[in-house]
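Counting in my numbering, the sequence shown tops out at residue 927, every number present. Here is the structure we will look at, set down as structure tokens.
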Amino acid sequence: MFLTCCPNVYSMVLKTQINFIDNEILLSLNLQPPFKAILKKDFLHIYQDDEPKFSLPISFPNLIHWVYNKSLVGFKINNATYLTDQAYKLKELLNGKLFFSRIQDFYTPLQILGQGSSAKVLLVKSKIGDQYFAAKCVEKNELMYQEIEINNQLDHPAFVKIKEVFQGETSYYIVMDLLSGKNLQQLIKNQHGGLTLEQSQKIMHALLSGIEYMHSKSIIHRDIKPENIVLQKTNNLTTLKLVDFGLATYYNLKKFKYPKCGTPGYVAPEIANLTDKDTTYGPACDIFSAGSVFFKLLTGRDLFPGTGFNFVLQLNKKCHIDFSPLTLKKIPLNVIGTCLKNALQRSQIETNCTRVFKP
Numbered sequence: 569m570f571l572t573c574c575p576n577v578y579s580m581v582l583k584t585q586i587n588f589i590d591n592e593i594l595l596s597l598n599l600q601p602p603f604k605a606i607l608k609k610d611f612l613h614i615y616q617d618d619e620p621k622f623s624l625p626i627s628f629p630n631l632i633h634w635v636y637n638k639s640l641v642g643f644k645i646n647n648a649t650y651l652t653d654q655a656y657k658l659k660e661l662l663n664g665k666l667f668f669s670r671i672q673d674f675y676t677p678l679q680i681l682g683q684g685s686s687a688k689v690l691l692v693k694s695k696i697g698d699q700y701f702a703a704k705c706v707e708k709n710e711l712m713y714q715e716i717e718i719n720n721q722l723d724h725p726a727f728v729k730i731k732e733v734f735q736g737e738t739s740y741y742i743v744m745d746l747l748s749g750k751n752l753q754q755l756i757k758n759q760h761g762g763l764t765l766e767q768s769q770k771i772m773h774a775l776l777s778g779i780e781y782m783h784s785k786s787i788i789h790r791d792i793k794p795e796n797i798v799l800q801k802t803n804n805l806t807t808l809k810l811v812d813f814g815l816a817t818y819y820n821l822k823k824f825k826y827p828k829c830g831t832p833g834y835v836a837p838e839i840a841n842l843t844d845k846d847t848t849y850g851p852a853c854d855i856f857s858a859g860s861v862f863f864k865l866l867t868g869r870d871l872f873p874g875t876g877f878n879f880v881l882q883l884n885k886k887c888h889i890d891f892s893p894l895t896l897k898k899i900p901l902n903v904i905g906t907c908l909k910n911a912l913q914r915s916q917i918e919t920n921c922t923r924v925f926k927p
């Protein structure tokens with residue numbers, strides 16, 4: 569395994585060294601004399617006789633090219649080869665922070681797990697440890713940098729951690745932990761008439777706990793729906809993961825890249841009815857989507873029943889909700905009704921909702 573920095577080596581200047589001099593050293597490697605490498609939080613520094621020579625920023629879209637050979641473990645920087653198990657340590661510390669190349673050297677694709685309009689998810693097997701992972705394959709675009717950055721900020725049980733990000737000729741491959749359970753859409757389909765109130769409350773507490781944490785990082789998902797909520801383990805309702813951050817953004821931005829987005833039937837009315845693309849909105853949009861999910865969990869029905877994208881979207885815009893399916897099942901309307909109120913009221917009840925659903 570070799571590391572080639574040459575295509576993306578940056579000249580180090582004194583100002584850069586001062587800015588990052590207080591960063592904790594994560595890994596120090598003695599290379600072929602007189603060189604050594606020091607990995608810090610923001611840069612991989614190459615030194616010659618204790619003098620800084622090169623610096624590679626640990627950020628996208630920088631790329632590291634690894635070459636894997638089972639008979640040799642090491643890496644190479646400017647023709648200095650270093651053979652050690654610390655090569656694996658270096659790669660582990662860089663995982664998810666910049667691009668690697670040649671995913672085929674490390675993983676074998678086995679089958680397609682799911683496919684959408686702009687991405688597909690593959691089941692892959694590691695060639696090093698024989699472990700199985702999921703790899704999301706998406707076309708190259710600059711929005712991927714933000715999606716990866718957002719994922720890397722979410723250190724919570726409700727989110728999947730990114731393991732590695734590979735760059736191909738036309739696509740990016742995001743390698744993540746494999747989720748063996750069903751998504752909520754599949755789970756609801758097998759439960760005619762919806763889940764029990766107790767089951768639904770367990771799911772909603774785990775989901776809202778993750779949403780509350782996500783919002784504390786100034787992040788909104790904007791596409792919360794049953795298909796994007798997946799159980800990590802089959803039949804364990806508390807191990808759910810909120811996935812697919814392709815539409816996620818920071819809600820404190822002055823302007824959103826794609827302000828009008830989401831899935832009809834789950835998107836908040838303030839987004840569905842948006843006419844001024846310079847208008848921004850906040851975390852309340854995710855609370856509405858969570859309320860729509862809760863309704864379907866309890867009833868097995870869509871909040872806005874109908875067929876066809878435009879028909880459901882029009883119902884979503886008007887937001888006239890029929891609560892009779894809940895009344896027939898003798899389910900209290902107070903919490904779910906609060907989640908589906910107007911944006912201002914929704915923005916004030918997020919923490920309270922999480923407490924109400926606590927088992």
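Cβ coordinates follow ideal geometry from the N, Cα and C atoms, glycine included.
Please classify residue i: is it buried, with 16 or more other beta-carbons within 10 angstroms of its beta-carbon, or exposed?
{"i": "G833", "result": "buried"}
{"i": "E619", "result": "exposed"}
{"i": "Q769", "result": "buried"}
{"i": "S748", "result": "exposed"}
{"i": "T764", "result": "exposed"}
{"i": "N841", "result": "exposed"}
{"i": "T867", "result": "buried"}
{"i": "K825", "result": "exposed"}
{"i": "P602", "result": "exposed"}
{"i": "I589", "result": "Model confidence at I589 stands at a pLDDT of 41, short of 50, so the residue's coordinates are unreliable; what they give is reported in the following sentence. So I589 ends up on the exposed side."}
{"i": "E715", "result": "buried"}
{"i": "L651", "result": "Bear in mind that a pLDDT of 47 at L651, under 50, signals an unreliable position, so the number given afterwards is only what the model happens to contain. Classification for L651: exposed."}
{"i": "S623", "result": "buried"}
What do you reckon, are the CB atoms on residue i and residue j nearer than 8 angstroms?
{"i": "H773", "j": "M782", "result": "no"}
{"i": "Y740", "j": "K708", "result": "yes"}
{"i": "F813", "j": "N719", "result": "yes"}
{"i": "K604", "j": "L594", "result": "no"}
{"i": "L894", "j": "I771", "result": "no"}
{"i": "N630", "j": "E732", "result": "no"}
{"i": "T848", "j": "L815", "result": "no"}
{"i": "L808", "j": "I797", "result": "yes"}
{"i": "K729", "j": "L799", "result": "no"}
{"i": "K885", "j": "P827", "result": "no"}
Closer than 7 angstroms: is that where the CB of residue i sits relative to any heavy atom of the ligand FMN?
{"i": "E732", "result": "With respect to the ligand FMN, the structure shown offers nothing to examine, as it has no ligands at all."}
Alpha helix (DSSP H) containing residue i: first to last residue?
{"i": "A816", "result": "Where A816 is concerned, there is no enclosing alpha helix (DSSP H), given that its DSSP letter is neither H nor E."}
{"i": "S694", "result": "Where S694 is concerned, there is no enclosing alpha helix (DSSP H), although the beta strand (DSSP E) it sits in stretches over 687-694."}
{"i": "A836", "result": "Looking at the DSSP string, A836 is not in any alpha helix (DSSP H), and its letter there is neither H nor E."}
{"i": "E619", "result": "Looking at the DSSP string, E619 is not in any alpha helix (DSSP H); the run it does join, the beta strand (DSSP E), is 619-625."}
{"i": "H783", "result": "765-784"}
Could you tell me which of the options sits nearest to residue i, measuring between CA atoms?
{"i": "S694", "options": "F674, A703, K688, Q683", "result": "F674"}
{"i": "S669", "options": "G684, I680, A687, I632", "result": "I632"}
{"i": "Q735", "options": "V728, W634, R914", "result": "W634"}
{"i": "V689", "options": "C705, I797, Q699", "result": "C705"}
{"i": "G525", "options": "D870, L799, I904", "result": "Nothing about residue 525 can be read from this structure; the chain reaches only from 569 to 927."}
{"i": "I889", "options": "F872, M712, H724", "result": "F872"}
{"i": "A858", "options": "I779, N751, L746", "result": "I779"}
{"i": "C853", "options": "L908, Q882, N804, I614", "result": "L908"}
{"i": "L752", "options": "Q767, I742, M744", "result": "Q767"}
Over what stretch of residues does the beta strand (DSSP E) that includes residue i continue unbroken?
{"i": "K704", "result": "700-707"}
{"i": "T676", "result": "675-683"}
{"i": "N820", "result": "It is not in any beta strand (DSSP E) - N820 carries neither H nor E in the DSSP assignment."}
{"i": "V798", "result": "797-799"}
{"i": "I716", "result": "Segment 711-721 is the alpha helix (DSSP H) holding I716; no beta strand (DSSP E) there."}
Segments assigned alpha helix (DSSP H), at least 4 residues, entirely inside the region 732-759: 752-757
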